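Residue numbers (my numbering): 469 to 852. Just so you know, even glycine gets a beta-carbon here, dropped at the ideal spot from N, CA and C. Only a predicted model underlies this, so the values are computations on that prediction, with no experimental measurement involved. Please read the structure below before turning to the comments.
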Amino acid sequence: MKKKIDYMLKHSYVLLYLYRVVFSTLFRFLGVFVKTNDKLVLFSAHSRKYNDSPRVIYEAMIEDSSFSDYQLVWAVDDIYKNHIPGNHLEVKTDTFEYFLTCLRAKYWITSVNIERGLSFKKKNTIFLNTWHGIAINKMGNDVGTRNDFDWSNTNYVCYSNDSEIDIYRKAFNTRDSAMIPSGLPRNDELYTASAEKVAEIKNRLGIPLDKKVILYAPTWRDSNDLGDNYELTPPIDWKKWENELKDDYVLLLRTHSYTTKLMDVTFNDFLLNYTDYPKINDLLIITDILISDYSSIQLDYCILEKPMFCFGYDYEEYAQIRGFYYDLEKEIPNGVVRTEDDLLSRIVHINFDEQIEKTRMFKSKHVQYGGDATNTCIDLLFKK
Numbered sequence: 469m470k471k472k473i474d475y476m477l478k479h480s481y482v483l484l485y486l487y488r489v490v491f492s493t494l495f496r497f498l499g500v501f502v503k504t505n506d507k508l509v510l511f512s513a514h515s516r517k518y519n520d521s522p523r524v525i526y527e528a529m530i531e532d533s534s535f536s537d538y539q540l541v542w543a544v545d546d547i548y549k550n551h552i553p554g555n556h557l558e559v560k561t562d563t564f565e566y567f568l569t570c571l572r573a574k575y576w577i578t579s580v581n582i583e584r585g586l587s588f589k590k591k592n593t594i595f596l597n598t599w600h601g602i603a604i605n606k607m608g609n610d611v612g613t614r615n616d617f618d619w620s621n622t623n624y625v626c627y628s629n630d631s632e633i634d635i636y637r638k639a640f641n642t643r644d645s646a647m648i649p650s651g652l653p654r655n656d657e658l659y660t661a662s663a664e665k666v667a668e669i670k671n672r673l674g675i676p677l678d679k680k681v682i683l684y685a686p687t688w689r690d691s692n693d694l695g696d697n698y699e700l701t702p703p704i705d706w707k708k709w710e711n712e713l714k715d716d717y718v719l720l721l722r723t724h725s726y727t728t729k730l731m732d733v734t735f736n737d738f739l740l741n742y743t744d745y746p747k748i749n750d751l752l753i754i755t756d757i758l759i760s761d762y763s764s765i766q767l768d769y770c771i772l773e774k775p776m777f778c779f780g781y782d783y784e785e786y787a788q789i790r791g792f793y794y795d796l797e798k799e800i801p802n803g804v805v806r807t808e809d810d811l812l813s814r815i816v817h818i819n820f821d822e823q824i825e826k827t828r829m830f831k832s833k834h835v836q837y838g839g840d841a842t843n844t845c846i847d848l849l850f851k852k
């Protein structure tokens, strides 16, 4: 039901306008009477779960004794089902209690939009938005159907390459002075990944050490039934892949959180479902070959300097509907692979050294900053 409402708001200018005006006015009025708690920190992450960069910042804070007297609150969809460590509280997103917590909190730390499309932030609230990906496909006000994103009241926004300053200014109306050249906190651990870490994760997940790992992680496609389902149907014959690759590889499937209906898939010892696995970095670290499409996961993965392919079977259609910030054919390693047969052939005959060099070149251009983003964000927020 919530996804249905989200779809209606995103696709109806009138409903979105009424929602913004009525509820922004209401919460601004309530904010006058709600006192700010200078030691209250509200965390909110992508998919309204315990994940992403806010999780990394939170876990650093609970290990730091200087925050022992702070009240840390997580906004999530499912209360007490996220196994969040440390001394904290949880509040259900989009409830009245949630918005009251927003008004009380001195600090907002999010990778999405804490105001839920509204505008009611107090002047004394300090707001960090790490966002949840480095820009590839167009977003915010750059998407033709939207012109209502306004982050001008955000104090700090993380970015990973200089071109994002202009992108965020146009897409979200950010102030240049709010931009932090830090990279994403969630990516810090990718800079220190080791062979020992790969072995530890594989053992924990039960993945054979002698098998290479392919990760297929496509982004979502918009709903064709007014928000009831977000279906993903890539033209892939998984049995063919199993026959070609099972001796040397296992294949992990990781779909976007928006995807509610998956193509007909039978999982087995070769094809494994990791869509609901909570730590995406674990999967990236053990992956030897990434297959994605237009997802920003490619910008995260390139930090590891390993082979990657863009499987854009619907590239022209997606480009027309959503659009991109740069020409993927020229920028992404190996360009856009259109067909299953071409993609499978490239994997079967892969030259790892050649592909690693392509990824390094891509990384040098598109991920200029990162490695210590967590400490940078904490220092800025709390003036340490």
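Within the segment 641-681, the complete alpha helix (DSSP H) segments at least 4 residues long are 663-673, listed from N- to C-terminus. Going by beta carbons, GLN539 and LEU498 fall outside the 8 Å limit.
Beta-bridge partners assigned by DSSP to TRP576: LEU510, PHE595. Listed as beta-bridge partners of LYS560 by DSSP are VAL544. By the neighbour-count criterion, in which 16 or more other beta carbons inside 10 Å mark a residue as buried, TYR548 falls on the exposed side. A direct Cα-to-Cα measurement between LEU811 and SER760 gives close to 11 Å. Taking the C-beta atoms as reference points, LEU586 is found nearer than 8 Å to PHE495. Between VAL524 and ARG722, the CB-CB gap reaches or exceeds 8 Å.
The DSSP assignment places complete alpha helix (DSSP H) segments of no fewer than 4 residues inside the segment 805-832 at 808-816, in order along the chain. Counting along the chain, no beta strand (DSSP E) covers SER521; the unbroken alpha helix (DSSP H) around it starts and ends at 520-530. Under DSSP, the beta-bridge partners assigned to ASN605 are PHE792.
Exposed is the label assigned to VAL490, since fewer than 16 other Cβ atoms lie within 10 Å of its Cβ.
If the five residues before and after THR642 are omitted, its C-beta is found closer than 6 Å to the C-beta atoms of TRP619, VAL625, TYR636, all from its own chain and listed in chain order.
DSSP places SER480 in the coil class of the three-state scheme, outside both helix and strand.
Sixteen is the threshold: since fewer than 16 other Cβ atoms of the shown chains lie within 10 Å of the Cβ of HIS551, the residue is exposed.
The alpha-carbon of LYS560 is positioned some 7 Å away from that of ASP546. Three or more Cβ pairs closer than 8 Å define a contact, and the segment 643-653 falls short of that threshold against the segment 820-830. In its chain, beyond the 5 residues on either side, ASN629 have a beta carbon closer than 6 Å to the beta carbon of GLN836.
Comparing alpha carbon positions, the residue from THR563, PHE735, GLU583, ASP716 closest to ASP678 is ASP716. DSSP lists TYR684, PHE777 as the bridge partner or partners of ILE759. Here ASN749 carries a helix assignment [DSSP, helix/strand/coil].
In the structure shown, LEU586 falls within a coil segment according to DSSP collapsed to helix, strand and coil.
Beta bridge pairing from DSSP links ASN736 with no other residue.
By the Cβ-count criterion, ASN749 is buried, with 16 or more other Cβ atoms from all chains shown falling within 10 Å of its own Cβ. Excluding its 5 nearest sequence neighbours in each direction, GLY791 has C-beta neighbours in its own chain below 6 Å: LYS606, listed in chain order. In this structure, LEU683 places its C-beta atom within 8 Å of the C-beta atom of LEU720. For the options PRO703, GLU531, ASP562, TYR487, the alpha carbon positioned closest to that of THR842 is the one of GLU531. For GLN539, the pairing in a beta bridge is given by DSSP as LEU508.
The three-state reading of DSSP puts ASN621 in coil, since its state is none of H, G, I, E or B. When the alpha-carbon of ASN597 is set against those of PRO522, ASN505, GLU822, SER662, the nearest one is in PRO522. Straight through space, the alpha carbons of ILE789 and ILE771 are spaced by roughly 29 Å. In this model, ASP616 and ASN609 are separated by some 7 Å (Cα to Cα). Cα atoms of LEU849 and MET529: separation of roughly 12 Å, rounded to the nearest angstrom. Note: TYR627 is bridge-paired with PRO649 in the DSSP secondary-structure output.
Burial is judged here by how many other beta carbons sit within 10 angstroms of a residue's own beta carbon; SER533 has fewer than 16 and is exposed. Leaving aside the five residues that flank VAL804 on each side, the residues in its chain whose CB is nearer than 7 Å to its CB run, in chain order, CYS778, GLY780, TYR783, LEU796, GLU797.
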